[in-house]
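Per my numbering, the sequence shown starts with residue 35, numbered consecutively. Ideal placement from N, C-alpha and C gives every residue a C-beta, glycine not left out. Heads up: the structure comes next, in structure tokens.
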Amino acid sequence: MFAILSEILKKNHIDSFAPLPLRDCKVIKPYLLEREGIADGTVFIMAVPYYTHACDAPDRNLSAYAVSRDYHLFFQILYATVLSQLRTAFPNAKFVAFTDHSPIDEIHAAASAGLGVIGKNGLILTPKYGSYVFLGEIVTDAIIPCEIGEIKTCEGCMACKRVCPANIVKSDCLSALTQKKGTLSLEEQEKILHLGSVWGCDLCQAACPHNQRALREGTIYSPIPFFTEQVLPHLTSEALNAMTEAEFTSRAYSWRGKQTIARNLGLMEKGEPTC
Ligand code: SF4
Ligand code: SF4
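Below is the structure:
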């Protein structure tokens with residue numbers, strides 16, 4: 035089964051994946067497995083790279099993950115193909131796939147499977163793509179021989195913490211602030227202006243030596259056409275207004291509605307807070 039899945043994933047330009055026993059994962063949303071009738075089995079965890087050359091644009095004003103189309107669309111397309119092929123090849127096994135809204139702790143699973151180390155910034159740091167990866171997983175009730183490795187953490191240089199305007203207090207993360215709906219206080223507007231990003235924040239990732247090395251060595255770039263096509267590193271109000279509904283909903287920043295990203299763009303283009 036792993037050989038067949040490897041072949042399918044490699045055809046889709048995914049080269050960072052590994053199996054691990056479901057019983058060794060931290061199950062955080064058991065109902066997602068219960069409703070599929072899966073109590074035991076195997077998890078195939080994958081790290082999907084998304085950083086592209088467009089992310090190097092000096093005027094980029096979006097988090098790197100929002101430069102390409104929404105990764106949920108990518109996983110939707112990928113899983114439709116992969117699950118259909120797996121179900122045809124193994125008709126007696128159950129398969130289900132997740133990303134984000136997952137039954138398991140994805141970072142813990144990725145580290146257990148040896149895809150990378152856990153950074154102080156809470157992200158998985160892969161050797162090839164750094165932390166610029168989306169995690170996804172296919173869960174099956176089939177049990178295949180595999181082992182977990184020791185979970186490793188980064189060297190703890192704390193560059194991510196030093197650079198973070200919120201001191202890595204996740205409740206105050208500026209990425210979340212850019213996604214907050216409604217009217218922002220003066221202080222919140224100032225923070226976004228200072229950050230210079232209309233969606234998300236990459237400061238802790240950019241400061242990490244694992245990412246800097248991957249960038250320097252050129253391994254960081256995603257080979258996946260979904261992420262390299264239709265890139266938009268610098269968003270403006272004009273470009274936003276020119277988008278069709280379909281174009282807008284294909285972007286990661288659409289999930290908070292047009293008003294939220296339009297408000298941030300208006301703030302950035304004005305260059306000062308609105309009372
Ligand atoms: S994304 Fe930005 S604000 Fe959030 S933890 Fe990282 S550096 Fe801090
Ligand atoms: S910047 Fe340093 S402490 Fe932070 S995740 Fe990277 S290696 Fe770890």
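Just checking residue i against ligand 2 - is the residue's beta carbon closer than 7 Å to any of the ligand's heavy atoms?
i	result
residue 243	yes
residue 154	yes
residue 193	yes
residue 159	yes
residue 235	no
Taking only heavy atoms of ligand 1 into account, decide whether any of them is closer than 7 Å to the Cβ of residue i.
i	result
residue 248	no
residue 298	no
residue 200	yes
residue 165	no
residue 309	no
residue 197	yes
Starting from the C-beta of residue i, find all residues in its chain whose C-beta is less than 7 Å away, skip the five residues before and the five after it, and write them out in chain order.
i	result
residue 192	154
residue 232	95, 96, 212, 269, 295, 298, 299, 302
Between the Cα of residue i and the Cα atoms of the options, which residue gives the shortest distance?
i	options	result
residue 225	216, 212, 49	212
residue 198	83, 94, 234, 272	234
residue 79	122, 237, 228, 144	144
residue 189	46, 159, 130, 276	159
residue 262	41, 84, 73	84
Look up residue i in the DSSP assignment and say whether it is helix, strand or coil.
i	result
residue 281	helix
residue 247	helix
residue 261	helix
residue 124	coil
residue 303	helix
residue 212	helix
residue 172	strand
residue 103	strand
residue 158	strand
Spatial neighbours of residue i within its chain, please: CB distance less than 6 Å, with the 5 preceding and 5 following residues excluded, ordered by chain position.
i	result
residue 182	54, 58, 146
residue 62	139
Which same chain residues end up closer than 8 Å to residue i when comparing Cβ atoms and leaving out the 5 residues on each side of it in sequence?
i	result
residue 292	274, 282
Could you check how far apart the C-beta atoms of residue i and residue j are, in whole angstroms? I think they sit under 8 Å.
i	j	result
residue 171	residue 140	7 Å
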